[in-house]
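Novice: Mind having a look at this structure? Questions to follow.
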Amino acid sequence: MPDNHAHNKPVSPELIRRYLAGELDDKAMHALEKQALDDPFLAAALEGYTAHEPDQSAHLADLQNRLEQRVNREKGKVRLLYYRWASAAAILLVLGLSFLWINHLELTRQKDIAKVTTTESTAPNIQDSTAALPPAAGEPASGKQAAASSGSTAVAKKPAPAAGTPPPALAGAPAKKDAVQPPNALLPEKSEKEAGEAAAIVQATPGLRATTAPRAARTMRTDTVAALQDNAGQYQGYYNNSNAAARADDVRKRVMVAKERTPEEKLKATTLLAPAARNVVVLGSSTAEGVGPKSKDSTWVSLLRKYLQEKNPQATVTNLAKGGFTSYRILPDDVHTPFLKPDPDREHNITKALALHPDVIIINMPSNDITAGYSLKEYQRNLDAVMEAARRQHVTCYITTTQPRNTDADKRKELLQMRDYIIRRYPNSYIDCWEGLSTPDGSIIPKYNSGDGVHLNGLGHQLMFERIKAKIN
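Residue numbers for the sequence shown follow this note's numbering, so the first one is 12 and each next one is one higher.
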């Protein structure tokens, strides 16, 4: 049986919509209607589309509007919940700070009370001492004063200490020539009459030391109170002055001994005071290996070795640098490098350096990674891995910045970017080997160029040495 639908063209929903909306021309409408007569499925589709409006944009807009309203309500609930939590956190913060502040005030008050209590327990009772003073001329004596005056005659008189006598606790100590005398030694002597009056007051006031300045009987009451308050301070001052004099005498003796040393003893003392032996290991490429200067003694590594060994003959500088090295070659042994990238050199990498138990490691990788075509990310990742390996072993590790090089502009720009990264990444460990060696465009300043546009000459290595020395010191 022949298939009547074999030659029917597929009808899209868009064509049906245009037909129902009257947007097709007569010929197209006739062709669609004729096809619907032969195709019952198309006829059913037309009938179904006819039952609904061809343009549903109004319904879609309504659905979108209702959806936005619902989402806004949810956002409002979330925002309200956030404000509630923020308010609660702020209240807790204020309460916590208030508690800390109140606690601080309470501790301060207790300390002040302790200080006052200590002062009161140290000083004699001023009120009782003042009550024991004799009345001034022409004033009647009170009952308490009369009793104190009569009772004082029955007490054995204790001789007043002479001017300049140290406290009793120091009486048996040998006198020092430079010791500072107590404050009473500086006061003028009294007349016999005034001395007798002062002695009577001291006898009537237990714990009160005699004052040696001439005073009238009326003014001695105020002076006696002040003397009571200064009593404890004079003992402390005497001890402090005695200790200061002893320390000064000890320093003078040490200076005299140092002056009397022989040249051999002075050399031995200098060696003992020198810093501990330094074991420095250098990782790097051709610059650290010594390429550039005309003499090997002019390389920065040789200059550093000479400098350290002059200070301490036991110091060592081990140079593991190799010409042509990139940062991949100094990675730790256990690092797996990407495909087609060089593997770590086990005799010249960070693992080998740490095996030498160094005090300091210096990394000098000036420019080979950039000229080899490695990305900045690779360069940075490799140097970070090396620095981290040293950090895990608690070994001080310094890293030089990149150095200028006479190459194309794009590579010079990358060298400058890498220099900035090292400075930012290691602010306390970097050694600047760019500033003062580079022209504004990143090339080597001619007076520091060894002639190949890649390596620094002896002057350049001298400048590097000075900066590395400053960092190590």
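Using N, Cα and C, we set each Cβ at its ideal position, and we do this for glycine too.
Quick one: is Gly-384 buried, meaning 16 or more other Cβ sit within 10 Å of its Cβ, or exposed?
Specialist: Gly-384 should be labelled exposed.
Novice: By the 10 Å Cβ neighbour count, where 16 or more other Cβ atoms means buried, how is Asn-393 classified, buried or exposed?
Specialist: That one is buried.
Novice: First and last residue of the beta strand (DSSP E) that includes Gly-485?
Specialist: Lying outside 12 to 484, the shown extent of the chain, residue 485 is not represented and no answer is given.
Novice: Cβ of Val-406 within 9 Å of Cβ of Leu-365?
Specialist: Cβ atoms of Val-406 and Leu-365: closer than 9 Å.
Novice: Do you know how far the Cα of Met-376 is from the Cα of Gln-473?
Specialist: Each residue's alpha carbon lies about 17 Å from the other.
Novice: In or out: Gln-414 buried (at least 16 other Cβ within 10 Å) or exposed?
Specialist: The residue in question, Gln-414, is buried, as its Cβ has 16 or more Cβ neighbours within 10 Å.
Novice: Taking buried to mean at least 16 other C-beta atoms within 10 Å of its own C-beta, is Asp-431 buried or exposed?
Specialist: Per the 10 Å Cβ criterion, exposed.
Novice: Taking the alpha carbon of Ser-297 as the reference point, which residue from Arg-289, Val-291 and Val-312 has its own alpha carbon closest?
Specialist: Checking every option, the nearest Cα to that of Ser-297 belongs to Val-312.
Novice: Per DSSP, what kind of secondary structure is Tyr-385 in: helix, strand or coil?
Specialist: Three-state DSSP puts Tyr-385 in coil, outside helix and strand.
Novice: Which residues does DSSP pair with Tyr-441 in a beta bridge?
Specialist: Partner(s): Ile-410.
Novice: In whole angstroms, give me the CA-to-CA distance for Tyr-30 and Ser-23.
Specialist: Straight-line Cα distance between these residues: approximately 11 Å.
Novice: How is Thr-329 classed by DSSP in three states: helix, strand or coil?
Specialist: If DSSP states are grouped into helix, strand and coil, Thr-329 belongs with the strands.
Novice: What's the C-alpha gap between Ala-32 and Leu-74?
Specialist: Distance between the alpha carbons of Ala-32 and Leu-74: 23 Å.
Novice: Tell me whether the beta-carbon of Val-465 lies closer than 9 Å to the beta-carbon of Ser-338.
Specialist: No, the Cβ-Cβ distance between Val-465 and Ser-338 is not below 9 Å.
Novice: Considering only the beta carbon of each residue, do Asp-452 and Ala-420 sit closer than 9 Å?
Specialist: Contact flag set, yes.
Novice: Decide if Ser-449 is buried, meaning its Cβ has at least 16 other Cβ atoms within 10 Å, or exposed.
Specialist: Buried, by the Cβ-count rule.
Novice: Please list, in chain order, all residues of the same chain as Thr-348 whose beta carbon is under 8 Å from its beta carbon, the five residues on each side excluded.
Specialist: Excluding sequence neighbours, Thr-348 sits near Tyr-339, Leu-342, Asp-354 and Pro-355.
Novice: Would you kindly work out how many angstroms separate the C-alpha atoms of Lys-482 and Ile-442, rounded to a whole number?
Specialist: The alpha-carbon atoms of Lys-482 and Ile-442 are separated by roughly 7 Å.
Novice: Drop a sphere of 10 angstroms on the beta-carbon of His-41, count the other beta-carbons inside from all chains shown, and report buried for 16 or more, exposed for fewer.
Specialist: It counts as exposed.
Novice: Just to confirm before moving on: does the CB-CB distance between Leu-294 and Ile-381 stay below 9 Å?
Specialist: For Leu-294 and Ile-381, no; Cβs fall outside 9 Å.
Novice: Contact defined as beta carbons within less than 8 Å: I believe His-368 pairs with Asn-290. What is the distance between those atoms, to the nearest angstrom?
Specialist: About 7 Å separates the two Cβ atoms, so the contact holds.
Novice: Just curious, the alpha helix (DSSP H) that Val-371 is in, first and last residue?
Specialist: Where Val-371 is concerned, there is no enclosing alpha helix (DSSP H), although the beta strand (DSSP E) it sits in stretches over 371-375.
Novice: For Leu-26 and Ala-97, I'd like the C-alpha separation in whole angstroms.
Specialist: Cα to Cα, the separation comes out at about 57 Å.
Novice: Ile-455 bridges to which residues according to DSSP?
Specialist: The partner list for Ile-455 (beta bridge, DSSP) reads Ser-449.
Novice: Residues in its own chain within less than 7 Å of Leu-427 by CB, not counting five upstream and five downstream?
Specialist: Result list for Leu-427: Gly-453, in chain order.
Novice: Pull up the DSSP beta-bridge partners for Leu-467, would you.
Specialist: Per DSSP, Asn-460.
Novice: So, is Tyr-459 buried or exposed, given that buried needs 16 or more other C-beta atoms within 10 angstroms?
Specialist: By the neighbour-count rule (16 or more Cβ atoms within 10 Å), Tyr-459 is buried.
Novice: Give the secondary structure of Pro-21 by DSSP, where H, G and I count as helix, E and B as strand, and everything else as coil.
Specialist: Residue state, collapsed to three classes: coil.
Novice: Looking at the secondary structure, which residues open and close the alpha helix (DSSP H) in which Asp-421 lies?
Specialist: Asp-421 -> alpha helix (DSSP H) spans 420-436.
Novice: Should Ala-6 and Val-346 be called a contact, given that it needs their Cβ atoms to be closer than 9 Å?
Specialist: As displayed, the chain neither begins before 12 nor continues past 484, which places residue 6 out of reach and without an answer.
Novice: Could you tell me the distance, in whole angstroms, from the CA atom of Asp-344 to the CA atom of Leu-315?
Specialist: Roughly 28 Å between the two C-alpha positions.
Novice: With DSSP run on the structure shown, which of helix, strand or coil describes Arg-90?
Specialist: Correct three-state label for Arg-90: helix.
Novice: Is Pro-51 helix, strand or coil when you go by DSSP?
Specialist: Three-state result, Pro-51: helix.
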